[in-house]
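Q: In terms of the numbering used here, the sequence shown opens at residue 18 and continues consecutively.
Dropping a structure here in structure tokens format, bear with me for questions.
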Amino acid sequence: MPSWKFTITTFALLAGLQAAHAHSWVEALKRIGPNGAFSEDTGYPIGFIERGAPGFSDDSLLNKILDTKPNPPVCKPSAGAYQGYDRLAAAPGDFVALLYQENGHVTDPTLTPRPYRGGNVYVYGTLQHDDATGINDVLNATGAGPRRSPTCPSTPSA
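What follows is the structure, given as structure tokens:
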């Protein structure tokens, strides 16, 4: 394990600033080794609840941002964040896979008409969880894409 660990504490999956009509969520995280193989250690997103567990529901795993005007928090509240499920430790420069269960209505472009790049997903990671950081602090006001910063990587150009 590297001596300086980068911990991924929060992910906000955003498909734009419109209301969410389709959704999915990260179920697990794995580091990707130099040979392309997943590491044995697994991490989980903040507030993770296993499918089939008491209290499981779509809403318990989502951080829906339906209105950006009040600058809602980009991170889920940290209360009860990792009860029984560890976060993933990764070093700067490590590749990390976000694993989710495919449900089709998020990734099939013929099911939900959307503009070019309307299905982009932005990942927000931070060294320290901050319940106060708002969506407008990390996403451009136009909704065109993430602010360019080390904690909010941009989508590569096509």
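Quick reminder that beta carbons are idealized off the backbone N, C-alpha and C, glycines included.
Since the model is a prediction, treat every value here as computed from it, not as a measurement.
Hey, quick one: how far does the beta strand (DSSP E) through Val113 stretch, first residue to last?
A: Looking at the DSSP string, the run of the beta strand (DSSP E) that includes Val113 is 112-116.
Q: Please name the residue in Pro71, Trp42, Leu115, Leu83 whose C-alpha comes closest to that of Ile49.
A: Leu115
Q: What's the gap between the Cα of Asp58 and the Cα of Arg104?
A: 10 Å
Q: Check whether the Cβ atoms of Leu46 and Tyr61 lie closer than 8 Å to each other.
A: yes
Q: Indicate the three-state DSSP secondary structure (helix, strand or coil) for His38 in the structure shown.
A: Its pLDDT being 47, under 50, His38 is placed unreliably in this model, and the value from its coordinates should be taken loosely. The answer is coil: DSSP assigns His38 none of H, G, I, E or B.
Q: Which residues bound the beta strand (DSSP E) around Leu46?
A: 45-49
Q: Would Asp154 and Cys92 be called neighbours here (beta carbons separated by less than 8 Å)?
A: no
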